[in-house]
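Student: Just dropping this structure here.
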Amino acid sequence: MKLIENQTFDEERALYHLENTEVRNCTFAGKADGESVLKEARHILVNHCQFSLRYPMWHVEEYTLKNSSLDELTRAPIWYAHHGLIDHCQITGIKILRECSQTIVKNSQIDSPEFGWQCEHITIQDSTINSEYMMLHSNHVKIDNLQFSGKYSFQYMNDLEITNSYLDTKDAFWHSQNIIVRDSVLKGEYLAWFSKGLTLINCKIIGTQPFCYCEDLKLINCEMIDCDLAFEYSEVEADIVGHVDSIKNVKSGTILVDSVGSIINEDAIMEVKGQVIIRNQKRCSQYQNNHTCCL
14 MKLIENQTFD EERALYHLEN TEVRNCTFAG KADGESVLKE ARHILVNHCQ FSLRYPMWHV
74 EEYTLKNSSL DELTRAPIWY AHHGLIDHCQ ITGIKILREC SQTIVKNSQI DSPEFGWQCE
134 HITIQDSTIN SEYMMLHSNH VKIDNLQFSG KYSFQYMNDL EITNSYLDTK DAFWHSQNII
194 VRDSVLKGEY LAWFSKGLTL INCKIIGTQP FCYCEDLKLI NCEMIDCDLA FEYSEVEADI
254 VGHVDSIKNV KSGTILVDSV GSIINEDAIM EVKGQVIIRN QKRCSQYQNN HTCCL
């Protein structure tokens, strides 16, 4: 590979269509305020660089970005890029990763609203991400050891796997399909409404009104804390360790739980036939018309 190092670039398309090159210890900033400095690059390694210009890496193929920083002026830094590795980077530019594929993000700290929209085959490992909208309309995503904070995450997705992660998020997984979450904490309000094929294994769920209007929902050896009005109009099979504050209007399936504050059937607008079974008591409550039951 050729080498470009210890330089500053600020002009429009300064390194346009760069190929087979390592860019090392360079700064992309300056008075010219040029956009798209590395647009259409091929087979590049960007190492220990600082970015402060818009749209620096659009339409890039086979790239590695490592040990680098992209500040808040680096708007929409990586779009339409494929076969990439982002490693040990600090990124605060808005809208990173849009319509990208075959990309690995690891060991990085990212603060970026609208992160990872309309992407495919993305892997995220050992990273911290803050994003208001995370991975919207993206498919085939694998995540391990992610510390996440945000709001409307993982919506309208297909084929998502999350392990060993902490998610502090509101409205996660809405309208998403084929999701597996293992050994993780999910904290937030209104989790997973309208999801299809969501399976949680060895997880801790925290927050009000989770899992409503779900299809093919499975919880295996999960804990639910401060969860009230759960499972409304959902098709669910659940094995829950511990207590659930309240369960309401389960459409179908069976919920096995150690204890429940109240089982509520009020104002249902569809037939609800779900069963709640209290572990070790061999007691089953099947919903009856307009009846609230405390076990």
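For the working numbering, count along the sequence shown from 1 and bump the result up by 13.
Yeah, the Cβ is synthetic: ideal placement off N, Cα and C, and Gly gets one too.
Tell me whether His101 sits in a helix, a strand or coil according to DSSP, three-state version.
Tutor: If DSSP states are grouped into helix, strand and coil, His101 belongs with coil.
Student: Taking the Cβ atom as the reference point for each residue, do Asp229 and Cys216 lie within a distance shorter than 9 Å?
Tutor: Contact: no.
Student: Would you tell me roughly how many angstroms separate the C-alpha atoms of Glu18 and Ser178, rounded to the nearest one?
Tutor: C-alpha separation (whole angstroms): 37 Å.
Student: Would you decide whether Met14 is buried or exposed? Buried here means 16 or more other CB atoms lie within 10 Å of its CB.
Tutor: Met14 is exposed by the Cβ-count criterion.
Student: Among Ser65, Ile109, Val194 and Val118, which residue has its Cα nearest to the Cα of Thr77?
Tutor: Comparing Cα-Cα distances from Thr77 to each of Ser65, Ile109, Val194 and Val118, the minimum goes to Val118.
Student: Consult DSSP for Trp206 and reduce its assignment to one of helix, strand or coil.
Tutor: Of the three classes helix, strand and coil, the one that applies to Trp206 here is coil, per DSSP.
Student: Taking all protein chains shown into account, decide if Thr305 is buried (16 or more other Cβ within 10 angstroms of its Cβ) or exposed.
Tutor: Residue placement at Thr305 is flagged as unreliable, the pLDDT there being 36, under the threshold of 50; the coordinate-derived value follows with that caveat. So Thr305 ends up on the exposed side.
Student: Does the Cβ-Cβ distance between Glu279 and Gly266 come in under 9 Å?
Tutor: Against a cut-off of 9 Å, the Cβ pair of Gly266 and Glu279 comes out as no contact.
Student: Give the list of continuous alpha helix (DSSP H) stretches no shorter than 4 residues that lie fully inside the segment 232-263.
Tutor: Entirely contained in the segment 232-263, not one alpha helix (DSSP H) run reaches 4 residues.
Student: Using a Cβ-Cβ cut-off of 8 Å (strictly less than) and excluding sequence neighbours within five positions of Arg26, which residues of its own chain qualify?
Tutor: Once the five neighbours on either side are set aside, the close Cβ partners of Arg26 are Gly47, Glu48, Ser49, Val50 and Lys52.
Student: For the beta strand (DSSP E) that contains Leu51, what are its first and last residues?
Tutor: Counting along the chain, Leu51 falls outside any beta strand (DSSP E), and DSSP gives it neither H nor E.
Student: Check the C-beta distance from Ile214 over to Ile233 and give it rounded, since I have them as a contact under 8 Å.
Tutor: Confirmed, about 5 Å.
Student: According to DSSP, is Phe167 helix, strand or coil?
Tutor: Phe167: coil per DSSP, three-state reduction.
Student: Looking at the unbroken beta strand (DSSP E) that takes in Val194, where does it start and where does it end?
Tutor: Taken as a continuous stretch (DSSP letters only), the beta strand (DSSP E) holding Val194 covers Gln190 to Arg195.
Student: Put Met70 into one of helix, strand or coil per three-state DSSP.
Tutor: Strand.
Student: By DSSP's criteria, Arg111 is part of a beta bridge. Which residues make up the other side?
Tutor: In DSSP, Arg111 forms a bridge with Trp92 and Trp130.
Student: Mind checking which residues open and close the beta strand (DSSP E) that includes Gln122?
Tutor: First-last of the beta strand (DSSP E) with Gln122: Gln122 to Asp124.
Student: Does the beta-carbon of Ser298 have 16 or more other beta-carbons within 10 angstroms, so that it is buried, or is it exposed?
Tutor: Only weak support is given to the placement of Ser298: the predicted model assigns it a pLDDT of 46, under 50, and the value that follows is read from those uncertain coordinates. So Ser298 counts as buried.
Student: Going by CA-CA distance only, name the one from Ala54, His72, Asp258 and Asn60 that's closest to Cys39.
Tutor: Comparing Cα positions, the closest option is Asn60.
Student: Taking its Cβ as the centre, do 16 or more other Cβ atoms sit within 10 Å of Lys286, making it buried, or is it exposed?
Tutor: Under this definition Lys286 is an exposed residue.
Student: Can you tell me the Cβ-Cβ gap for Gln115 and His101, rounded? I've got them flagged as a contact below 8 Å.
Tutor: Wrong, their Cβ atoms sit about 19 Å apart, outside the cutoff.
Student: Going by Cα to Cα distance, which pick from Thr34, Ile91, Val289 and Ala281 is closest to Val273?
Tutor: Checked all of Thr34, Ile91, Val289 and Ala281; the closest Cα to Val273 is Val289.
Student: Sort out for me which residues DSSP pairs Tyr226 with in a bridge.
Tutor: Tyr226 is not bridged to any residue.
Student: Quick one: Cα of Gly130 to Cα of Thr212, how far?
Tutor: Just to set this straight, residue 130 is Trp in the shown sequence, not Gly. Straight-line Cα distance between these residues: approximately 23 Å.
Student: On the CB-based measure, 16 or more other CB atoms within 10 Å of its CB, does Thr21 come out buried or exposed?
Tutor: Looking at its Cβ environment, which holds fewer than 16 other Cβ atoms inside 10 Å, Thr21 is exposed.
Student: Between Pro223, Ile219 and Ala89, which lies nearest to Asp239 when the distance is taken from Cα to Cα?
Tutor: When each option's Cα is compared against that of Asp239, the closest is Ile219.
Student: Can you find the residues in the same chain that come closer than 8 Å, C-beta to C-beta, to Glu284, ignoring five residues on each side of it along the sequence?
Tutor: Only Lys264 meet the Cβ criterion.
Student: Looking at C-alpha atoms only, which residue of Thr105, Thr176 and Asp252 is the closest neighbour of Ala89?
Tutor: Comparing Cα positions, the closest option is Thr105.
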